[in-house]
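Trainee: Residue 500 in my numbering is what sits at position 500 of the sequence shown, and the numbering runs on without skipping anything. My questions will all concern the structure given below.
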Amino acid sequence: MRRPRITRRAFLQIAGGLALATLTEIRLPHPVARAITRISWIERGVFPGAGTYTSPSVAIPRPFNSIEVGWRAVVPAGGSLTIAVRTSVDGQHWSDWVVLAPDPHAAPHQPDAWVYATPVLVTPSTALQYRVQLEPGIDGSPVRLEAVELGCVDTRGDDVRFLAETPLIDGWIIPRAGWGADESLRFDENGKEIWPPSYAPVEKIIIHHTVTQNNPPDPAASVRAIYAYHAITQGWGDIGYNFLVDWQGNVYEGRYGGPNVVGAHTAGYNTGTMGIAVLGDFTSTAPPQPAIDSLMRLIRERAPQVDPGGISYFRDLVDVPNIGGHRDYNLTECPGDHLYEVIPDIRGRLKGTGPVVFRSRPRPGQARGELVSVTFTPTELYAGTLVRVDFAVRNTGEVDLLTQGPPPGFTYEESQSFDSVGFPKVEGCFRVGVDFEGNTGIPNPFRWGLPNRLPPGQETTVTGFIRLRSARQWRFTASLVQEFVRYQQQGVFAQDVVTLPAPTSPAPPSSDPGMVYFSETQHNVPRVFFDYWEANGGLERFGYPLTEPFPEFSATDGHTYLTQYFERARFEHHPEFAGTQFEVLLGLLGSERTAARRQEPPFQPVPPPSEPGVDYFPETGHTLRGLFRQYWWQNGGLPIFGFPISEQFEEQSKTDGQVYVVQYFERNRFEWHPELAGTRYEVLLGHLAREILIDRGWL
């Protein structure tokens with residue numbers, strides 16, 4: 001059940017005046033726990049382009065123990081921006097200035113986006129002041145500091161008894177409920193989970209420090225402060241670390257989801273890693289031994305498959321220790337010099353040897369790629385049909401390009417995106433993408449993975465399909481993206497594509513003598529299709545034409561053919577077989593219509609039967625018997641219908657809503673109509689072509 005959040009206005013006293021702020025109260029789930037309060041406000045328009053700005057002191061109406069600061073600025077080349085904060089318990093006596101730095105655990109930001117510092121945990125205070133120092137660029141260009149956002153958060157608890165009342169995980173890890181996690185923060189106002197869990201086997205352990213107060217008297221309050229910062233301020237909906245360890249050796253469950261859940265603690269390297277944060281700042285202070293002991297126990301019990309003394313390639317890094325620090329992955333000083341220097345001893349104690357020291361820091365191997373070419377075909381097509389996109393991708397970097405799904409060949413509907421079809425971003429993986437002019441949703445919604453990981457210097461081809469249902473003009477562009485890291489290329493190889501109204505609209509008789517007109521459905525049929533229609537069963541087998549002839553891409557072999565849809569079949573003209581019986585072929589409608597049903601029992605292969613009068617086709621592992629067998633052999637067999645791809649079973653018809661015994665073949669569906677028993681219509685072909693046109697929105 002979602003817990004109530006109360007948001008209202010609050011007035012802050014600033015240098016004798018008043019300022020409007022937002023007060024948010026988050027009700028913690030335990031009845032004896034205190035609500036988290038967060039008072040936040042934004043300052044704009046008071047900052048110089050160079051020099052120092054010191055804010056007036058701000059009296060906060062409620063005590064706070066955590067400060068959150070974010071800023072939005074454009075810093076020219078050679079310039080700098082430094083922000084510091086200090087607090088007071090009484091408005092008169094002030095702490096030392098605490099200099100802030102961008103949070104290294106967050107993903108890289110765009111140059112003009114909001115940047116946040118890690119929370120500053122302080123003695124419960126009632127006043128705040130901040131200072132900004134601005135240095136212009138090398139050419140004298142000023143720093144453009146647009147805004148500073150400040151938040152004063154109180155995460156203290158009135159009673160910590162609930163820590164002892166909550167059962168521990170494996171008898172020693174404090175669960176989320178134990179440190180007072182408000183699970184409603186994981187959901188938006190509509191009840192949708194903001195950051196659904198995803199999973200990957202743990203390959204590496206990454207150790208962090210939280211750059212917060214050492215030896216805090218209430219460690220659970222520190223964990224809640226980090227949770228509030230990650231979930232609310234950063235907008236993640238949850239805490240990013242998998243586990244946290246305090247100075248007494250207590251271990252706290254972090255990210256929701258259980259073993260192997262992917263966190264957010266090391267930008268670009270979260271998938272396949274377990275992030276453990278030790279509460280405190282170990283830049284100049286040694287970590288306490290109880291914290292080190294619990295850190296080792298956590299690694300031993302939660303990642304026993306990881307070799308403590310191992311080192312290997314990981315993602316786009318060369319020689320990464322299996323147990324390392326945040327600085328081994330990103331440009332940061334985390335986990336502090338004094339915690340980082342004990343990691344070799346941690347490896348050795350877990351390995352049962354002396355300290356395991358790796359002399360060289362992991363070096364980045366450049367992961368780079370480029371789109372060599374991108375083509376869209378056809379550039380003019382009917383709404384409801386497929387546009388094909390072919391990408392040529394080359395690895396121009398020093399390490400393999402990793403990839404993810406969907407695989408090449410995947411077909412998107414116009415309204416879909418990689419997220420909606422179940423292929424969310426996997427950190428560090430490469431995909432090709434397509435965007436379109438006027439898109440207001442996810443950028444490059446149509447994305448495909450590479451066939452396999454791509455070694456340096458090699459090139460590969462990716463083919464994808466999009467079914468365009470709207471009749472309009474499209475302007476497509478292509479991109480190459482390394483997920484959660486960067487766009488290698490964006491908005492390149494622009495191509496205009498036009499989708500025309502459906503070819504099912506009635507047409508007047510053609511003046512072309514090579515066309516035969518069907519007044520019943522008002523469509524023209526090329527002589528080559530008409531001759532095939534007439535020679536192979538005509539109206540009884542194929543029905544009337546439902547479209548005009550038009551060029552259509554074939555998902556079967558990737559070529560484009562002159563195509564025409566009849567009620568029960570699709571005709572394709574193959575000029576490469578001109579003058580032979582194969583110049584006109586029937587489309588594989590049965591295979592196409594059942595592609596997503598192959599796991600259903602009727603479509604599972606069966607062993608060869610022993611009873612007489614039954615044909616078995618080892619090519620597909622299916623049988624042919626009874627009236628269907630008789631009809632198949634007497635009316636064209638393999639060239640007309642293809643192999644059976646299912647057994648006989650009952651199915652409701654989408655044409656008339658009745659239930660019939662049916663069997664699917666590569667090119668059609670047989671239906672048994674007992675009401676027509678004894679006539680030549682007892683077995684009929686299903687209206688698969690009509691069903692396809694209905695699905696496209698053409699009928």
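Each residue gets a CB set at the ideal place from its N, CA and C atoms; glycine is no exception. If you're wondering where the values come from, they're calculated on a predicted model, not measured in any experiment.
Taking DSSP as the reference, what is the three-state secondary structure of Val223?
Mentor: As a first step, residue 223 is located in the sequence shown; it is residue number 223 there, counting from the start. Looking at Val223 - three-state DSSP - the assignment turns out to be helix.
Trainee: Under the rule that 16 or more other beta-carbon atoms within 10 Å means buried, what is Arg161, buried or exposed?
Mentor: Along the sequence shown, read from residue 1 onward, the residue named residue 161 stands at position 161. For Arg161, the predicted structure reports a pLDDT of 48, less than 50, and the residue's modelled location is therefore unreliable. The matter cannot be settled from this model.
Trainee: Can you have a look at Phe735 and say buried or exposed, based on whether 16 or more other CB atoms are within 10 angstroms of its CB?
Mentor: A question about residue 735 goes unanswered here, because the residues of the chain that appear run from 1 up to 699.
Trainee: Work out the CA separation of Arg431 and Gln404 for me, nearest whole Å.
Mentor: The count along the sequence shown starts at 1 and reaches residue 404 at position 404. The count along the sequence shown starts at 1 and reaches residue 431 at position 431. C-alpha separation (whole angstroms): 7 Å.
Trainee: Give the list of continuous beta strand (DSSP E) stretches no shorter than 3 residues that lie fully inside the stretch 52 to 77.
Mentor: Runs found: 58 to 74.
Trainee: How big is the Cα-Cα spacing for Thr118 and Tyr227?
Mentor: Here residue 118 corresponds to residue number 118 of the sequence shown, with the count starting at 1. Here residue 227 corresponds to residue number 227 of the sequence shown, with the count starting at 1. Rounded to whole angstroms, Thr118 to Tyr227 spans 11 Å at the Cα level.
Trainee: Do you know how far the Cα of Val115 is from the Cα of Pro48?
Mentor: Your numbering for residue 48 matches position 48 in the sequence shown. Your numbering for residue 115 matches position 115 in the sequence shown. So the alpha carbons of these two residues sit roughly 19 Å apart.
Trainee: Please go through the same chain and pick out, in chain order, the residues whose beta-carbon is closer than 6 Å to the beta-carbon of Arg625, but skip the five residues on each side of it.
Mentor: Counting from one through the sequence shown, the residue named residue 625 turns up at place 625. So the qualifying residues of the chain are Val614.
Trainee: Since Leu546 and Tyr565 should fall inside the 8 Å C-beta cutoff, what is the C-beta to C-beta distance between them, to a whole number of angstroms?
Mentor: Along the sequence shown, read from residue 1 onward, the residue named residue 546 stands at position 546. Along the sequence shown, read from residue 1 onward, the residue named residue 565 stands at position 565. Contact holds; Cβ gap of about 5 Å.
Trainee: Any idea what DSSP makes of Leu688, helix, strand or coil?
Mentor: To locate residue 688, count along the sequence shown from 1; it is residue 688. Leu688 falls in the helix class under three-state DSSP.
Trainee: How big is the Cα-Cα spacing for Val481 and Ala264?
Mentor: Within the sequence shown, numbered from 1, the residue matching residue 481 stands at position 481. Within the sequence shown, numbered from 1, the residue matching residue 264 stands at position 264. Taking the straight line joining both Cα atoms gives about 20 Å.
Trainee: Go ahead and label Asp695 buried or exposed: buried means 16 or more other beta carbons lie within 10 angstroms of its beta carbon, across all protein chains shown.
Mentor: Taking the sequence shown and counting its residues from 1, the one referred to as residue 695 is at position 695. Exposed, by the Cβ-count rule.
Trainee: Drop a sphere of 10 angstroms on the beta-carbon of Phe374, count the other beta-carbons inside from all chains shown, and report buried for 16 or more, exposed for fewer.
Mentor: Start at 1 with the first residue of the sequence shown, and residue 374 comes out as number 374. At residue 374 the sequence reads Val, which differs from the Phe that was named. Looking at its Cβ environment, which holds 16 or more other Cβ atoms inside 10 Å, Val374 is buried.
Trainee: Pull the bridge partners of Ala147 from the DSSP assignment, please.
Mentor: Residue mapping note: residue 147 aligns to position 147 of the sequence shown, counting from 1. Paired residues: Arg44 and Arg72.
Trainee: Applying the 10 Å Cβ sphere with the 16-neighbour rule, what's the burial state of Trp698?
Mentor: The count along the sequence shown starts at 1 and reaches residue 698 at position 698. With 16 or more other Cβ atoms within 10 Å, it is buried.
Trainee: Could you check what DSSP says for Val683 in three-state terms: helix, strand or coil?
Mentor: Mapped onto the sequence shown, residue 683 falls at position 683. Reduced to three states, the DSSP call for Val683 is strand.
Trainee: Following the continuous alpha helix (DSSP H) through Glu540, name the residue where it begins and the one where it ends.
Mentor: The count along the sequence shown starts at 1 and reaches residue 540 at position 540. Taken as a continuous stretch (DSSP letters only), the alpha helix (DSSP H) holding Glu540 covers Gly538 to Phe542.
Trainee: Would you say the stretch 255 to 274 touches the stretch 202 to 214, given that touching needs at least three Cβ pairs under 8 Å?
Mentor: The stretch 255 to 274 is in contact with the stretch 202 to 214.
Trainee: Which residues in the same chain have their Cβ closer than 6 Å to the Cβ of Arg394, if we skip the five residues on either side of it in sequence?
Mentor: Counting from 1 along the sequence shown, the entry for residue 394 is found at position 394. Hits under 6 Å: Glu370, Val372 and Glu459.
Trainee: Looking at the unbroken beta strand (DSSP E) that takes in Ala267, where does it start and where does it end?
Mentor: In the sequence shown, residue 267 corresponds to position 267, counting from 1. It is not in any beta strand (DSSP E) - Ala267 carries neither H nor E in the DSSP assignment.
Trainee: Alpha carbon to alpha carbon, how far is Gly257 from Glu183?
Mentor: If you number the sequence shown from 1, residue 257 lands on position 257. If you number the sequence shown from 1, residue 183 lands on position 183. Rounded to whole angstroms, Gly257 to Glu183 spans 12 Å at the Cα level.
Trainee: Do you know how far the Cα of Trp474 is from the Cα of Pro501?
Mentor: As a working mapping, residue 501 is identified with position 501 in the sequence shown. As a working mapping, residue 474 is identified with position 474 in the sequence shown. So the alpha carbons of these two residues sit roughly 14 Å apart.
Trainee: Any contact of the stretch 175 to 195 with the stretch 313 to 323, i.e. 3+ C-beta pairs under 8 Å?
Mentor: At 8 Å Cβ cutoff, the stretches do not touch.
Trainee: Please state whether DSSP places Phe577 in a helix, a strand or coil.
Mentor: Position 577 of the sequence shown holds residue 577. Of the three classes helix, strand and coil, the one that applies to Phe577 here is helix, per DSSP.
Trainee: DSSP on His622, reduced to helix/strand/coil?
Mentor: If you number the sequence shown from 1, residue 622 lands on position 622. Correct three-state label for His622: strand.
Trainee: If contact is defined by three or more beta carbon pairs under 8 Å, each pair taking one atom from either stretch, is the stretch 416 to 431 in contact with the stretch 490 to 510?
Mentor: The answer is no - the stretch 416 to 431 does not touch the stretch 490 to 510, with fewer than three Cβ pairs under 8 Å.
Trainee: Mind checking which residues open and close the beta strand (DSSP E) that includes Ser519?
Mentor: The sequence position of residue 519 within the sequence shown is 519, counting from 1. Neither: Ser519 is in no beta strand (DSSP E) and is coded neither H nor E.
Trainee: Could you please give the first and the last residue of the uninterrupted beta strand (DSSP E) stretch that includes Leu331?
Mentor: Sequence index remark: in the sequence shown, residue 331 carries index 331 (1-based). It is not in any beta strand (DSSP E) - Leu331 carries neither H nor E in the DSSP assignment.
Trainee: List the endpoints of the continuous beta strand (DSSP E) containing Lys204.
Mentor: Position 204 of the sequence shown holds residue 204. Its beta strand (DSSP E) spans residues Lys204 to His209.
Trainee: Name the one or two DSSP bridge partners that Asn395 has.
Mentor: Within the sequence shown, numbered from 1, the residue matching residue 395 stands at position 395. Its beta-bridge partners are Gly369.
Trainee: Going by C-alpha to C-alpha distance, which of Val528, Trp94 and Ala478 sits closest to Phe582?
Mentor: Stepping through the sequence shown from its first residue, residue 582 is reached at position 582. Taking only the C-alpha atoms, the option nearest Phe582 is Val528.
Trainee: Go ahead and pull the three-state DSSP assignment for Arg469.
Mentor: Locating residue 469 in the sequence shown gives position 469, counting from the first residue. Looking at Arg469 - three-state DSSP - the assignment turns out to be coil, as it is neither helix nor strand.
Trainee: Consult DSSP for Phe603 and reduce its assignment to one of helix, strand or coil.
Mentor: Looking up residue 603 in the sequence shown gives position 603. Looking at Phe603 - three-state DSSP - the assignment turns out to be helix.
Trainee: Under three-state DSSP, which class holds Leu627?
Mentor: Taking the first residue of the sequence shown as 1, we reach residue 627 at position 627. Leu627 falls in the helix class under three-state DSSP.
Trainee: Could you give the residue range of the alpha helix (DSSP H) that holds Ala177?
Mentor: For the purposes of this step, residue 177 is taken as the residue at position 177 of the sequence shown. Its alpha helix (DSSP H) spans residues Arg176 to Trp179.
Trainee: Give the DSSP-derived three-state secondary structure of Glu675 in the structure shown.
Mentor: Taking the first residue of the sequence shown as 1, we reach residue 675 at position 675. The answer is helix: DSSP assigns Glu675 an H, G or I state.
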